[in-house]
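Read the structure below first, then the notes.
Protein chains: 2
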Amino acid sequence: MRIDYMNKLIQCIRREGLDGMLICPGEEMEFLTGLRPMFCERFQGLFVKAEGTAFYICNLLYEEELRRQLPPEIPVYPWFDGEVMTERVEAALREQGLLGSRIGVNRDAVAFQILEIMERVNVTFCNAKPLMEEMRIRKSEEELDGLRASAAIVDQVYERVLERIRPGVTELELQNFLLEEMSRLGGESPECIVGVGANSSYPHYCGSEGVIGERDVVLMDYGCTCRGMYSDISRTVFVGEPTDRQREAYELVKRSNEAAEDLVAEGAWIPDIDRKAREVLDEKGYAHTLINRLGHGVGYTIHEAPDIKQSNPRKLERGMAFSIEPGIYLAGSFGIRIEDVVIVNEKGAREVLNRASKELTVL
Amino acid sequence: MRIDYMNKLIQCIRREGLDGMLICPGEEMEFLTGLRPMFCERFQGLFVKAEGTAFYICNLLYEEELRRQLPPEIPVYPWFDGEVMTERVEAALREQGLLGSRIGVNRDAVAFQILEIMERVNVTFCNAKPLMEEMRIRKSEEELDGLRASAAIVDQVYERVLERIRPGVTELELQNFLLEEMSRLGGESPECIVGVGANSSYPHYCGSEGVIGERDVVLMDYGCTCRGMYSDISRTVFVGEPTDRQREAYELVKRSNEAAEDLVAEGAWIPDIDRKAREVLDEKGYAHTLINRLGHGVGYTIHEAPDIKQSNPRKLERGMAFSIEPGIYLAGSFGIRIEDVVIVNEKGAREVLNRASKELTVL
Numbered sequence: 001m002r003i004d005y006m007n008k009l010i011q012c013i014r015r016e017g018l019d020g021m022l023i024c025p026g027e028e029m030e031f032l033t034g035l036r037p038m039f040c041e042r043f044q045g046l047f048v049k050a051e052g053t054a055f056y057i058c059n060l061l062y063e064e065e066l067r068r069q070l071p072p073e074i075p076v077y078p079w080f081d082g083e084v085m086t087e088r089v090e091a092a093l094r095e096q097g098l099l100g101s102r103i104g105v106n107r108d109a110v111a112f113q114i115l116e117i118m119e120r121v122n123v124t125f126c127n128a129k130p131l132m133e134e135m136r137i138r139k140s141e142e143e144l145d146g147l148r149a150s151a152a153i154v155d156q157v158y159e160r161v162l163e164r165i166r167p168g169v170t171e172l173e174l175q176n177f178l179l180e181e182m183s184r185l186g187g188e189s190p191e192c193i194v195g196v197g198a199n200s201s202y203p204h205y206c207g208s209e210g211v212i213g214e215r216d217v218v219l220m221d222y223g224c225t226c227r228g229m230y231s232d233i234s235r236t237v238f239v240g241e242p243t244d245r246q247r248e249a250y251e252l253v254k255r256s257n258e259a260a261e262d263l264v265a266e267g268a269w270i271p272d273i274d275r276k277a278r279e280v281l282d283e284k285g286y287a288h289t290l291i292n293r294l295g296h297g298v299g300y301t302i303h304e305a306p307d308i309k310q311s312n313p314r315k316l317e318r319g320m321a322f323s324i325e326p327g328i329y330l331a332g333s334f335g336i337r338i339e340d341v342v343i344v345n346e347k348g349a350r351e352v353l354n355r356a357s358k359e360l361t362v363l
Numbered sequence: 001m002r003i004d005y006m007n008k009l010i011q012c013i014r015r016e017g018l019d020g021m022l023i024c025p026g027e028e029m030e031f032l033t034g035l036r037p038m039f040c041e042r043f044q045g046l047f048v049k050a051e052g053t054a055f056y057i058c059n060l061l062y063e064e065e066l067r068r069q070l071p072p073e074i075p076v077y078p079w080f081d082g083e084v085m086t087e088r089v090e091a092a093l094r095e096q097g098l099l100g101s102r103i104g105v106n107r108d109a110v111a112f113q114i115l116e117i118m119e120r121v122n123v124t125f126c127n128a129k130p131l132m133e134e135m136r137i138r139k140s141e142e143e144l145d146g147l148r149a150s151a152a153i154v155d156q157v158y159e160r161v162l163e164r165i166r167p168g169v170t171e172l173e174l175q176n177f178l179l180e181e182m183s184r185l186g187g188e189s190p191e192c193i194v195g196v197g198a199n200s201s202y203p204h205y206c207g208s209e210g211v212i213g214e215r216d217v218v219l220m221d222y223g224c225t226c227r228g229m230y231s232d233i234s235r236t237v238f239v240g241e242p243t244d245r246q247r248e249a250y251e252l253v254k255r256s257n258e259a260a261e262d263l264v265a266e267g268a269w270i271p272d273i274d275r276k277a278r279e280v281l282d283e284k285g286y287a288h289t290l291i292n293r294l295g296h297g298v299g300y301t302i303h304e305a306p307d308i309k310q311s312n313p314r315k316l317e318r319g320m321a322f323s324i325e326p327g328i329y330l331a332g333s334f335g336i337r338i339e340d341v342v343i344v345n346e347k348g349a350r351e352v353l354n355r356a357s358k359e360l361t362v363l
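From first to last, the protein sequence lines are chains A and B. So that you can map any letter, position 215 of the first sequence is 215 in this note's numbering, and since no number is skipped, the others follow by simple counting. So that you can map any letter, position 196 of the second sequence is 196 in this note's numbering, and since no number is skipped, the others follow by simple counting.
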């Protein structure tokens, strides 16, 4: 149990006027409690009450493992497959004084379970994903160091993957190389996107069958965790000479990335950063192709607060960590993305964690 | 688009008195539509209306890919990161006449998104996981053939994994072997649990660090898909001579498995099958250690209807497919599980799909 975060969580629950929080298995449960149980279709989760106590509801299948791992003051209420789950949940909530209450749910709660409980038990669940992210939006020095270490891993991998990129290599081969190298360097939960040619034009492309041609664009977006903290980097390189249009797009994205990063500082207005990146792209009329937010927070999860976008009207604060990832996406033709993780560090200054080269690279 | 299933779905929506269904990305969306888009924290899903039409809401990021893959008569409503998602969802639901309506959600919908929409838009979502499973609970001949082919893969893998089991081998090594062999034989989405020694006593154990000792129990539970249909098998073997207690437990679980499977037939009462398996275990007082349902339906997903358990009072029908998996779990000591997939076939007869030996095996 992370006592620091449990105390923060309880404060957040009270500030929001909730009666409690339900944390279902996933990365948030893991950083808060160290637990990472299997999460199948059977409802389970840790309930944290505004008054400061906690209890756990799970299927009987998981009871023994959880009892061994949870502190003894946290009771476990098991339900058995042969019973009706919602009846046992109702009994547990009654015993805990939570009937008629309002309980926030975290990002990992599953809709059909939550709706099934609300349909049969007198309890109201509400979206508390923002609360869980607000609680950790200002990273500690230790967490910032974890982000730095994680960024160093993906930077090292970048140097090495360049040697593998040549005509005839498949997206799958590059994906496997990236995943294995991140693991080899101590990164956990590695993930990646590799898009070649027209596939690079879809920001969340998830195929693996493309093959690098004689003249081609290769977009790589990858990351992993180190000490629980995520890295996230994107680089785009060329095999053979880029066309004039590709070269123009690349230089614009690079300037957009750098101009936005230059604005990062304690007190900077988030929508201004997003706007600046788009203004640069619009020098050549490309802003409309940037079809996503400029960036997302990074930490114990790969996407968390703060989003860097127009609809997030707030200022940057010390300890915030997020990606800056402008792109030009010409659907069906090609895409360019350059992404770093940037933090407002312990001194309130901008620190770009990724050091991998952004110069136009022709292999 | 699977027209047969879309028509079934529309009938189910009407029968339940719903105004529509929301299918979020995952295996159910894939078998229904062929689509498998990335599903990040951004809300997206296919809405199917009771009147028979459909539309899709997604982030702008996914619009191009989805438009290329969806039939042209299905409109796509994109929302942009820089806007407020719920406002665009509200506009889409208004245009589609769904404000004030009641919409079922499938297993893959995420609670925080669904709650966020319900908090801001005049629409009610409800749990429709059972509806989606009822729709496919009686498998077609083609689907039963897929289940047979999938079971044949895991049976073949069983023969080969036995050669790898010896003292000093780790759970991780056996897991990797199982996953690779399933893939090599054409199985997709392979998954497995390997529990050695005391780890075998936790039915959903998810570690990988255990090492096989000189005398040990090895529990393996694994499966994959073939033509979209899942397999699921568990076998438990011994390295060195089992203790008398282990031998007794093994023989009881084997008899329990066979006695339950013998009851499977068109018209059999599901709770009777669960009861029979537990009665056999209770000849030596072990029934209380079987802490889960006796079995679960298997098909396009690994766990679906029908559950084989006391609280599922219905009869078996032609085309149903499910696991039978009794076990004895002595927490912290050892566990035994023997699991097959069984179907009520096209002729209404019982057919045990797994042929891998269940005889007590000492390696």
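Glycine included, every Cβ here is placed at the ideal spot set by N, Cα and C.
Is it right to say residue i is buried, meaning 16 or more other beta carbons lie within 10 angstroms of its own, or is it exposed?
i	result
P313(A)	exposed
N106(A)	buried
G339(B)	Note that residue 339(B) is Glu in the sequence shown here, rather than Gly. That one is buried.
T124(A)	exposed
H288(B)	exposed
A305(A)	buried
A372(A)	The structure shown does not extend to residue 372(A), since chain A is modelled only from 1 to 363, so the question has no answer here.
C206(B)	exposed
A265(B)	exposed
V84(A)	exposed
Q11(A)	exposed
Quick one: what's got a C-beta closer than 8 Å to residue i's C-beta in the same chain, skipping five residues either side?
i	result
P203(B)	I291, N292, G327, Y329, G335 and R337
M208(B)	Looking at the sequence provided, one finds Ser at residue 208(B) rather than Met. So the list reads T170, E171, L172, Q175 and V194, once near-sequence residues are dropped.
H303(B)	H296 and G297
DSSP three-state label for residue i, please.
i	result
Y202(A)	coil
I212(B)	coil
L219(A)	strand
A331(A)	coil
C224(A)	strand
D340(A)	strand
F43(A)	coil
P130(A)	helix
A321(B)	strand
T33(A)	helix
Y286(B)	coil
R255(A)	helix
P118(A)	A small correction: the amino acid at residue 118(A) is Met; Pro does not occupy that position in the sequence shown. M118(A) falls in the helix class under three-state DSSP.
K49(A)	strand
Starting from residue i, trace the beta strand (DSSP E) both ways and give me its first and last residue.
i	result
R350(B)	R350 to V352
G104(B)	R102 to V105
G195(A)	E188 to V196
G20(A)	G20 to I23
P78(B)	V76 to W79
A54(A)	A54 to N59
What are the start and end residues of the alpha helix (DSSP H) that includes residue i?
i	result
D307(B)	Here D307(B) belongs to no alpha helix (DSSP H); instead the beta strand (DSSP E) covers E304 to I308.
Y300(B)	No alpha helix (DSSP H) holds Y300(B); DSSP gives it neither H nor E.
I153(B)	E141 to V161
T86(B)	M85 to E95
What does a CB cutoff of less than 7 Å around residue i pick up in its chain, not counting 5 residues either side in sequence?
i	result
R215(A)	V239, G240 and E241
G368(B)	The structure shown does not extend to residue 368(B), since chain B is modelled only from 1 to 363, so the question has no answer here.
R136(A)	G299 and Y300
K8(B)	M135
Y278(B)	For clarity, residue 278(B) is Arg in the given sequence; the question names Tyr instead. Once the five neighbours on either side are set aside, the close Cβ partners of R278(B) are A287 and L290.
Y62(A)	P37 and Q44
G52(B)	I10
Whose C-beta lies closer than 6 Å to the C-beta of residue i among residues of the same chain, with five residues either side of it excluded?
i	result
V352(A)	E261, D340 and V342
A249(B)	I328 and I336
E346(A)	E141
V211(B)	T170
contact_flag[the stretch 345-363 of chain A, the stretch 2-20 of chain B] where n(CB pairs < 8 Å) is 3 or more: no
Segment contact flag, the stretch 110-124 of chain A with the stretch 314-326 of chain A, C-beta cutoff 8 Å, min 3 pairs: No, the stretch 110-124 of chain A is not in contact with the stretch 314-326 of chain A.
Segment contact, 8 Å Cβ cut-off, at least three pairs: the stretch 178-190 of chain A with the stretch 150-164 of chain A: The stretch 178-190 of chain A makes contact with the stretch 150-164 of chain A, as at least three CB pairs between them are under 8 Å.
Three CB pairs or more closer than 8 Å across the stretch 85-104 of chain B and the stretch 97-105 of chain A: no
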